[in-house]
Amino acid sequence: MLTVELLVVFSLSIGLFIVCRVFLQKRLYSGLQLLTPQLEEACSGLPQSATTPKSSYSWHSILAQSCFSVCYVECCILFAMLMCQGFGILSPQARLYSWKSALLLLLSTIIVLVPASFCMVLTYRAGTSNCSEDQRLNRSHPVCSSETPSLFNVRAVTFLLPVAAFVFVLSFIPLPPDLTSHNPLMTTTARLVVLGTTILGLLSGLGSVNGAWSAFARKTSIASLFSVASAEVALERVKSDLRERTRDLDEYCPPKSQANETWTSRLTFKRDTHRDSLQQEIVGLRALESQMASRIATLKRNRETAEFSESFRGKWLSRIWAVYCVCRVCSSAINLLSPPSSTTGSSSYGDVIAHVLAYLLSLLPLDGARRVSGIDVPSLSRQISLALVGVIILSSIRVVLMGVMRVFRITSRSMSASLMLLFLAQLMGIYLLSTVVQLRTMFPPSITPDASSSVLPDAAETNLLSTLPEYTLFGGLFDWTFLTGAAGCALVRWAGGFFGENEMDLY
1 MLTVELLVVF
11 SLSIGLFIVC
21 RVFLQKRLYS
31 GLQLLTPQLE
41 EACSGLPQSA
51 TTPKSSYSWH
61 SILAQSCFSV
71 CYVECCILFA
81 MLMCQGFGIL
91 SPQARLYSWK
101 SALLLLLSTI
111 IVLVPASFCM
121 VLTYRAGTSN
131 CSEDQRLNRS
141 HPVCSSETPS
151 LFNVRAVTFL
161 LPVAAFVFVL
171 SFIPLPPDLT
181 SHNPLMTTTA
191 RLVVLGTTIL
201 GLLSGLGSVN
211 GAWSAFARKT
221 SIASLFSVAS
231 AEVALERVKS
241 DLRERTRDLD
251 EYCPPKSQAN
261 ETWTSRLTFK
271 RDTHRDSLQQ
281 EIVGLRALES
291 QMASRIATLK
301 RNRETAEFSE
311 SFRGKWLSRI
321 WAVYCVCRVC
331 SSAINLLSPP
341 SSTTGSSSYG
351 DVIAHVLAYL
361 LSLLPLDGAR
371 RVSGIDVPSL
381 SRQISLALVG
391 VIILSSIRVV
401 LMGVMRVFRI
411 TSRSMSASLM
421 LLFLAQLMGI
431 YLLSTVVQLR
441 TMFPPSITPD
451 ASSSVLPDAA
461 ETNLLSTLPE
471 YTLFGGLFDW
481 TFLTGAAGCA
491 LVRWAGGFFG
501 ENEMDLY
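Positions 1 to 507 (full-length UniProt numbering) are the ones given, in order, by the sequence shown.
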């Protein structure tokens, strides 16, 4: 019976993996590729790679989509096992084995697989970034051929060493005294949660300032409909010229050798100037087409955003969201200035609005005749606040992704989409793992096994949440990093050094 249940869980994992890969291939990965032309504008006057996008089935795209799918599937399995425990589905042994396997695979993916994949993509991008534009037009050119990564050469050390350094540094993250005597799985989870709390705090601080700033800042000028239409007409002319030049290049026949040529002139390398001229013209037209298409898409998106923000619903939603962002910053400052008296009352991710929402939910008659919900308001408020933190991060994820790509100055559409997808996989895994750990504070296990023992406890008496560290042990780490990210973003916004005049292009 146990084997059958484990096979069912494994089959569910495979199905989720396939569904996630299909979604990534059709929707998310293609959407990430559309961000690359904006990066090309920011990094240089013309795109460094003006060719049309290659197939999405390159090795780095498959690697990135697989890493993202693994993170998503294992997080789903963790939540599914918690639901099975609550409803009494599956045997305790099957739930515990599936839980530990999913948690171990998720930790391995976040700590080792995703960083190694990120370094691998950065390491092997040099093989195609140094070829000329003429060689890019010739897809069969050996210089621009795709180099397949290998783990059995000296070059592999260049992306394995950073991963080893990351794991080594991660092992030195200090833990609260209550977690020093636990098993390696729990201590590794705790250290990763510490790192994840720091990253989430910085990103949510950035998103809070962006949300408040965009609501109250002075609006920039928006292109008119006539300007957008004129740009579209110009783009159609460029596309027509590109099709004509491409047809001329396909139909072009090089001149035959003359009969009176000497053998020395035949051995001498002679460039076909007309063919080279056509190739250079096609390269320039493709670059111009990519840049103009990106600009038109940005103008349309900014215009739609401006029209929504000027509507009645848009104004109210943006101001309500800005008020919450300001309240979140104030709540973090209050949590640091007046910390709770006991560790059990520590409210990581706590804020005033989340407490109010949790209190209102506790008043609902969810418990039948007694009309008492029995909801733990502090724990529920932490869950609501964590969900709102996720919304804050999603609201500014475009700025974060474009900032990451600017650091590495990558303009290849497929390459940048793969790196952004790997970054999203890392961020999603850390966030969902933090959410699972937060559930322990909302549903504390009644029985906690001796985690320092190497013997597997009786699965019938083990609560799955007891294998996780307590989130309240991390104190005000999130509040410190949140305020640090908010202060840094506010300073950059005020100085105008990072966002400059193209602020709307980031949204």
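For each residue, glycine too, the CB sits at the ideal point set by N, CA and C.
- DSSP, read as helix, strand or coil, puts phenylalanine 172 in coil.
- Going by beta carbons, isoleucine 77 and valine 8 fall outside the 9 Å limit.
- Of all C-beta pairs linking the region 374–392 to the region 430–438, three or more are shorter than 8 Å, placing the two stretches in contact.
- Spanning the alpha carbons of phenylalanine 423 and leucine 401 requires a straight line of approximately 8 Å.
- The Cβ-Cβ distance between alanine 487 and valine 326 does not fall below 9 Å.
- At a Cβ-Cβ threshold of 9 Å, leucine 16 and serine 69 count as neighbours.
- One alpha carbon belongs to glutamine 426, the other to valine 194, and they sit about 14 Å apart.
- Three or more beta-carbon pairs drawn from the region 273–283 and the region 236–249 are found closer than 8 Å, and the two stretches are therefore classed as touching.
- Exclusion of the five residues before and after serine 227 leaves Leu299 as the residues of its chain whose Cβ lies within less than 8 Å of its Cβ.
- Under the criterion of beta carbons closer than 8 Å, leucine 2 and threonine 462 do not qualify as touching, at roughly 15 Å.
- Residue Asn210 holds the alpha-carbon nearest to the alpha-carbon of tryptophan 494 among Asn210, Met428, Cys330.
- Boundaries of the alpha helix (DSSP H) harbouring arginine 303: 273–310, taken from the DSSP string.
- Taking all protein chains shown into account, glutamate 251 has fewer than 16 neighbouring C-beta atoms within 10 Å of its C-beta and is therefore exposed.
- For glutamine 383, the enclosing alpha helix (DSSP H) covers residues 377–395.
- Counting C-beta pairs with one atom in each stretch, the region 85–103 and the region 111–123 have fewer than three that are closer than 8 Å, which means they do not touch.
- For tyrosine 252, the three-state secondary structure derived from DSSP is coil.
- Leucine 225 is positioned such that its CB atom lies no closer than 9 Å to that of aspartate 248.
- If the five residues before and after serine 66 are omitted, its C-beta is found closer than 8 Å to the C-beta atoms of Arg21, all from its own chain and listed in chain order.
- For glutamine 65, the enclosing alpha helix (DSSP H) starts and ends at 59–87.
- If you draw a straight line from the Cα of isoleucine 296 to the Cα of leucine 106, it comes to about 40 Å.
- Only residues of its own chain outside the window of five on either side were considered, and among them Cys67, Leu422, Ala425, Gln426 have a CB closer than 6 Å to the CB of valine 114, listed in chain order.
- Apart from the 5 residues on each side of it in sequence, serine 117 sits with its Cβ closer than 6 Å to the Cβ of Leu63, Cys67, Leu422 in its chain, given in chain order.
- With respect to serine 338, aspartate 351 sits apart: the two C-beta atoms are not nearer than 9 Å.
- In this structure, the straight-line span from the alpha carbon of threonine 109 to that of leucine 175 is close to 22 Å.
- Here proline 365 is exposed: its Cβ has fewer than 16 other Cβ atoms, across all protein chains shown, within 10 Å.
- Per DSSP, reduced to three states, the secondary structure at leucine 364 is coil, with no helix or strand assignment.
- Annotation for tryptophan 99: Met81, Leu464 place their beta carbon closer than 6 Å to its own, counting only its chain and skipping 5 residues before and after.
- By the neighbour-count criterion, in which 16 or more other beta carbons inside 10 Å mark a residue as buried, tryptophan 321 falls on the buried side.
- If you draw a 10 Å sphere on the C-beta of aspartate 276, you find fewer than 16 other C-beta atoms in it, and that means exposed.
- In terms of Cα proximity to threonine 481, the closest of Ser362, Ser290, Leu202 is Leu202.
- Contact check for methionine 186 against proline 469 passes: the beta carbons are separated by less than 9 Å.
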